[in-house]
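*Asks:*
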Amino acid sequence: MCDLTARQAEGPFYPVFDQVDKDNDLIHVRGKRDKAKGQVIYVLGQVLNEQCEPIEGALVEIWQAAESGRYNHPGDSNPAPLDPNFQYWGKDVSDKDGNYSFKTILPGNYPATEEWIRPSHIHYKVQRRGFFELITQLYFKGNPYNESDRILNSLSPQERKGVIVDLLPPLTGMEKDAQHCIFNITLRQVR
1 MCDLTARQAE
11 GPFYPVFDQV
21 DKDNDLIHVR
31 GKRDKAKGQV
41 IYVLGQVLNE
51 QCEPIEGALV
61 EIWQAAESGR
71 YNHPGDSNPA
81 PLDPNFQYWG
91 KDVSDKDGNY
101 SFKTILPGNY
111 PATEEWIRPS
121 HIHYKVQRRG
131 FFELITQLYF
141 KGNPYNESDR
151 ILNSLSPQER
161 KGVIVDLLPP
171 LTGMEKDAQH
181 CIFNITLRQV
191 R
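Mapping the sequence shown onto our numbering, position 88 (from 1) lands on 88, and the numbers just tick up by one.
1) Given a cut-off of 7 Å, decide if Gly45 and Tyr100 are closer than it, judged by their beta-carbon atoms.
2) Candidates Cys52, Tyr42 and Arg7: which alpha carbon is nearest Met1's?
3) Out of Gln39, Lys32 and Asn49, which has the shortest C-alpha to C-alpha gap to Cys181?
4) Counting C-beta neighbours from all protein chains within 10 Å, is the total for Trp63 16 or more, i.e. buried, or is it exposed?
5) Hey, could you find the ends of the alpha helix (DSSP H) Thr158 is sitting in?
6) Taking His121 and Tyr139 to be in contact with their CB atoms under 8 Å, please state how far apart those CB atoms are, rounded to whole angstroms.
7) For Val163, count neighbouring C-beta atoms within 10 Å of its own C-beta (all shown protein chains included) and say buried if the count is 16 or more, exposed if not.
8) What do you get for Ser94, buried or exposed, if any count of 16 or more other CB atoms within 10 angstroms of its CB means buried?
9) Determine the burial state of Thr113: buried for a count of at least 16 other Cβ atoms within 10 Å of its Cβ, exposed for fewer.
10) Are Asp177 and Gln87 touching if we call contact CB-CB under 7 Å?
11) Could you pull out every residue in the same chain whose Cβ sits closer than 7 Å to the Cβ of Tyr14, ignoring the five residues on either side in sequence?
12) Counting only the same chain and skipping the five closest in sequence on each side, list residues whose C-beta sits under 7 Å from that of Phe132.
13) Evaluate Pro79 with the Cβ neighbour count: other Cβ atoms within 10 Å of its Cβ, from every protein chain shown; 16 or more gives buried, anything less gives exposed.
14) Per DSSP, which residues does Ser193 bridge with? Please list them.
15) For Thr5, is the classification buried or exposed, using 16 other Cβ atoms within 10 angstroms of its Cβ as the cut-off for buried?
16) Measuring CB to CB, does Lys91 end up less than 7 Å from Asp25?
17) Secondary structure at Glu61, three-state DSSP: helix, strand or coil?
18) The beta strand (DSSP E) spanning Trp89 covers which residue range?
19) Counting C-beta neighbours from all protein chains within 10 Å, is the total for Val43 16 or more, i.e. buried, or is it exposed?
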């Protein structure tokens, strides 16, 4: 049995504007020459059912802040600059082995309030007919703000373990200065 991936809040910055570029490469925006600022990371994983079997055809959406910690969203009052070369939101569909992938940047930490700094994280929304929709967030091991994050720490220790990933050296075919992480997602089947 695979443990279900913990559900978390969608947050206030789910994309509200449609965009032309909706792919899984967030560091290159169609029509722009330059790439996004920041540490390039590849997020790889599988979408699985509770029996640890791959789910084909799951829609995996992510959205996140830029390296500066700002979202491209009208509700984000963070004065940090936007990155015109960053896509901020993308999607992929899991293949027959349940695999999905994204090429993005390590999001910046940002102030949620004067006393609370959100650690680097990536928001996920995963959907597939026959399964309950999952909204969750991915965090990075070693971020000093993980310890005090109210959203992350509302999860049980076991649930936190499932949403915090290690950043690892690049795999063959990735840029030599890139990093990668593995984030497997387990969905609950509708019965």
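Quick reminder that beta carbons are idealized off the backbone N, C-alpha and C, glycines included.
In this text, all values refer to a predicted model and were calculated from it rather than measured experimentally.
*Replies:* A quick look at the data gives this:
1) Cβ atoms of Tyr100 and Gly45: closer than 7 Å.
2) Of Cys52, Tyr42 and Arg7, the smallest CA-CA separation from Met1 is found for Cys52.
3) The shortest Cα separation from Cys181 among Gln39, Lys32 and Asn49 belongs to Gln39.
4) Flag for Trp63 reads buried.
5) Reading the sequence as shown, one finds Gln at residue 158 and not Thr. That run of the alpha helix (DSSP H) goes Pro157 to Val163.
6) The beta carbons of His121 and Tyr139 sit about 5 Å from each other, so the pair counts as a contact at 8 Å.
7) So Val163 ends up on the buried side.
8) Taking all protein chains in view, the Cβ of Ser94 is crowded by 16 or more other Cβ atoms within 10 Å, so the residue is classified as buried.
9) Residue environment for Thr113: exposed (fewer than 16 other C-beta atoms within 10 angstroms of its C-beta).
10) No.
11) Here Tyr14 has Trp63 as same chain residues with Cβ atoms under 7 Å from its own Cβ, once five neighbours each way along the sequence are excluded.
12) Only residues of its own chain outside the window of five on either side were considered, and among them Leu187, Arg188 and Val190 have a CB closer than 7 Å to the CB of Phe132, listed in chain order.
13) Pro79 should be labelled exposed.
14) With the chain running from 1 to 191 in the structure shown, residue 193 is simply not present.
15) Answer is buried; the Cβ neighbour count reaches 16.
16) Their beta carbons are not under 7 Å apart, which means Lys91 does not touch Asp25 by this criterion.
17) Note: Glu61 maps to strand in three-state DSSP.
18) In this chain, the beta strand (DSSP E) harbouring Trp89 covers Trp89 to Val93.
19) Buried, because 16 or more other Cβ atoms sit within 10 Å of the Cβ of Val43.
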